[in-house]
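Asker: Quick one: the structure is below, questions incoming.
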Amino acid sequence: MTFPLLKLPFLAYEQVIINFEVADLIDFSLLSTRCHRNVQSIRFPFTGIDVRLGSSCNSLEFYKGSQTIAQWYFKKKRWSRLSDTENGWRQLGGTRVRIQKSPDWHSTRKPDKNMKAAFDYVQSLFRLPIISYHILSTDHNLFPQFLSITRCDELIMDLSHKIGVDELKYVLDTVEVSKRLTLHLQENYVFEYGFVRFSMDKLYINPAFWITKETFLAMDCTEIELHGNMTLPIRKFVSQWLSSRNTRFEWLRISWNMERINWNEAFKTMKWNPKTRGRNFKINEFNRVDCHDGIDILRDDGLLATVAQKYGAIYFVVWHKRFQPEADHLKLDHWIMMNHQF
Numbered sequence: 001m002t003f004p005l006l007k008l009p010f011l012a013y014e015q016v017i018i019n020f021e022v023a024d025l026i027d028f029s030l031l032s033t034r035c036h037r038n039v040q041s042i043r044f045p046f047t048g049i050d051v052r053l054g055s056s057c058n059s060l061e062f063y064k065g066s067q068t069i070a071q072w073y074f075k076k077k078r079w080s081r082l083s084d085t086e087n088g089w090r091q092l093g094g095t096r097v098r099i100q101k102s103p104d105w106h107s108t109r110k111p112d113k114n115m116k117a118a119f120d121y122v123q124s125l126f127r128l129p130i131i132s133y134h135i136l137s138t139d140h141n142l143f144p145q146f147l148s149i150t151r152c153d154e155l156i157m158d159l160s161h162k163i164g165v166d167e168l169k170y171v172l173d174t175v176e177v178s179k180r181l182t183l184h185l186q187e188n189y190v191f192e193y194g195f196v197r198f199s200m201d202k203l204y205i206n207p208a209f210w211i212t213k214e215t216f217l218a219m220d221c222t223e224i225e226l227h228g229n230m231t232l233p234i235r236k237f238v239s240q241w242l243s244s245r246n247t248r249f250e251w252l253r254i255s256w257n258m259e260r261i262n263w264n265e266a267f268k269t270m271k272w273n274p275k276t277r278g279r280n281f282k283i284n285e286f287n288r289v290d291c292h293d294g295i296d297i298l299r300d301d302g303l304l305a306t307v308a309q310k311y312g313a314i315y316f317v318v319w320h321k322r323f324q325p326e327a328d329h330l331k332l333d334h335w336i337m338m339n340h341q342f
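As structure tokens, this is what we get:
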């Protein structure tokens, strides 16, 4: 006996649909134009979607708050043949995609083409914001431009192959990143770029040879890490912070050419006083910077900052929390010593 779902009053129908698994919702939406329209009209408790691209598997991850509620994998390898119900063809837009829902939800063969079709379809169906886009050490070409991504919380590109100039410029020109931008790319010394404004919370660029002085001085981020550019005006950056009322900035680290800078020329500096601040500054949950030999600078509003030149880097840190005992057990931050070739 069939269940007359579409004949139920809308509120009752909505309560049934809202408890479907994500994969079942997509299948249900493909049954007819009416089913698609009904699913599209319901406000589901999903909060966003992640796009993850790796060397062995790509995936779309659906979130409800901080919880992952569904994952759709896109793989190259074949699967064992099951019934057409469990392992059948679906028409997503103009692309015919084969989907297996058990034991896990995935599609195989032509992962780039299938993932593009699936991404476009679920975006149209659920209208979910992009939480993060990750592409890690892969030869896929599903860059943000190809997926028409214009906004996300996090964008991380860690590539072992070169990215095209147009794709990189699309990220810089078009994609609005609010929380974290990581560009860890192969060297491409023909790439040049003018002014760009960075205002996300966390910024990491390696190599950063193309960052201009104007772009560097206009950065409005909480954490900044730039490799491979030893011409950036660090003293001007510090001076600019001293004359501002910026309470957002926390720390900066950039490559250092080992040339000593006389900080006493332009600033009223102080040596470390253990009664004024702690010795160690927490960079992240794993690493600290030992600032016992750093140069302290006090801003008019009482914010204390330290400049430390070590490990092949220049650190500029702001002590929003003067004493950080939780940093004492962390590892020293030696990251640049292995990257000083830039």
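All the letters of the sequence shown, read from the start, carry residue numbers 1 to 342 under UniProt numbering. All C-beta atoms in this analysis are idealised placements derived from N, C-alpha and C, irrespective of residue type, glycine included. Here the structure is a predicted model, which is why all the values come from computation and not from measurement.
#1: Provide the residue(s) that pair with residue 74 in DSSP beta bridges, ordered along the chain.
#2: Can you name, in chain order, every residue of its own chain whose Cβ lies under 8 Å from the Cβ of residue 353, other than the five neighbours on each side?
#3: Below 8 Å on the Cβ atoms is my guess for residue 197 versus residue 175; work out the distance and round it to an integer in Å.
#4: Grouping DSSP H, G and I as helix and E and B as strand, with all else coil, what is residue 13?
#5: Relative to the alpha-carbon of residue 285, which residue among 299, 312 and 325 has its alpha-carbon at the smallest distance?
#6: Within a Cβ cutoff of 6 Å, which residues of the same chain sit near residue 156, ignoring the five residues on either side of it in sequence?
#7: Can you find at least 3 beta carbon pairs, one from the stretch 44-53 and one from the stretch 27-35, that sit closer than 8 Å?
#8: Check whether the Cβ atoms of residue 315 and residue 253 sit closer than 9 Å, and answer yes or no.
#9: Can you check DSSP and say which residues form a bridge with residue 157?
#10: Might you give, ordered along the chain, the residues of its own chain that have their beta carbon closer than 6 Å to the beta carbon of residue 69, omitting 5 neighbours on each side?
#11: By Cβ distance, which residues of its chain are closer than 7 Å to residue 4, with the 5 residues on each side in sequence left out?
#12: Helix, strand or coil for residue 331, going by three-state DSSP, please let me know.
#13: In whole angstroms, what is the alpha-carbon distance linking residue 226 and residue 202?
#14: Just to confirm, is the Cβ distance from residue 132 to residue 154 under 9 Å?
#15: Quick check: does the Cβ of residue 157 come within less than 8 Å of any heavy atom belonging to the ligand PLP?
#16: With DSSP run on the structure shown, which of helix, strand or coil describes residue 272?
#17: For residue 200, which option in 180, 209 and 207 has the closest C-alpha, if you only look at C-alpha atoms?
#18: Compare the Cα-Cα distances from residue 229 to each of 241, 187 and 23 and report the closest residue.
#19: Apart from the five residues just before and just after residue 120, which ones in its own chain have a Cβ nearer than 7 Å to its Cβ?
#20: Please specify which runs of the beta strand (DSSP E), each continuous and at least 3 residues long, are wholly inside the stretch 246-320, giving them in chain order.
#21: Helix, strand or coil: which one does DSSP assign to residue 5?
#22: Is DSSP giving residue 18 helix, strand or coil here?
#23: I'd like to confirm the pairing. Which residues does DSSP put opposite residue 31 in its beta bridges?
#24: Looking at the structure shown, is residue 92 part of a helix, part of a strand, or coil, going by DSSP?
#25: Which partner residues does residue 206 have in the DSSP bridge list?
#26: Looking at the strands, I want to know which residues DSSP matches up with residue 48.
#27: Using alpha carbons as the reference points, say which of 281, 165, 25 and 184 lies closest to residue 308.
#28: Residue 151 bridges to which residues according to DSSP?
#29: Any beta carbon from chain B within less than 9 Å of residue 248's own beta carbon?
#30: Report all residues from its chain with a CB closer than 6 Å to the CB of residue 219; omit the five preceding and five following residues, and keep chain order.
#31: Which whole-angstrom value describes the C-beta separation of residue 251 and residue 277, a residue pair presumed to lie in contact below a C-beta threshold of 8 Å?
#32: Helix, strand or coil: how does DSSP classify residue 97 here?
#33: Spatial neighbours of residue 331 within its chain, please: CB distance less than 8 Å, with the 5 preceding and 5 following residues excluded, ordered by chain position.
#34: Just verifying my parser: in three-state terms, what is the DSSP assignment at residue 223?
#35: What is the DSSP secondary structure of residue 53, reduced to helix, strand or coil?
#36: Please report how far the alpha carbon of residue 222 lies from the alpha carbon of residue 58, in whole angstroms.
Answerer: In brief:
#1: 58 and 107
#2: Nothing about residue 353 can be read from this structure; the chain reaches only from 1 to 342.
#3: Wrong, their Cβ atoms sit about 13 Å apart, outside the cutoff.
#4: Residue state for residue 13 is assigned as helix, using DSSP reduced to three classes.
#5: 325
#6: By the criterion of a C-beta distance shorter than 6 Å, residue 156 is surrounded in its chain by 134 and 182, once the five residues flanking it on both sides are discounted.
#7: The answer is no - the stretch 27-35 does not touch the stretch 44-53, with fewer than three Cβ pairs under 8 Å.
#8: yes
#9: In the DSSP output, where bridge partners are listed per residue, residue 157 has 135 and 183.
#10: 62
#11: none
#12: In this structure, residue 331 counts as strand in the three-state DSSP scheme.
#13: 11 Å
#14: yes
#15: The ligand PLP is not part of the structure shown, which contains no ligands of any sort.
#16: coil
#17: 180
#18: For residue 229, the nearest C-alpha among the options comes from 187.
#19: Cβ neighbours of residue 120 beyond the five flanking positions: 93.
#20: 251-255, 280-282, 287-290, 295-298, 304-310 and 313-318
#21: Three-state result, residue 5: helix.
#22: Residue state for residue 18 is assigned as coil, using DSSP reduced to three classes.
#23: In DSSP, residue 31 forms no bridge with anything.
#24: Strand at residue 92.
#25: 184
#26: Partner(s): 63.
#27: 281
#28: 176, per the DSSP bridge assignment.
#29: Absent from the structure: chain B. Only one protein chain is present.
#30: 198
#31: The beta-carbon distance between residue 251 and residue 277, rounded to whole angstroms, is 14 Å. This is too long to meet the 8 Å contact definition.
#32: strand
#33: Cβ neighbours of residue 331 beyond the five flanking positions: 286, 287 and 288.
#34: Reduced to three states, the DSSP call for residue 223 is strand.
#35: In the structure shown, residue 53 sits in a strand (DSSP, three-state: E or B).
#36: If I take the Cα positions, the gap works out to 30 Å.
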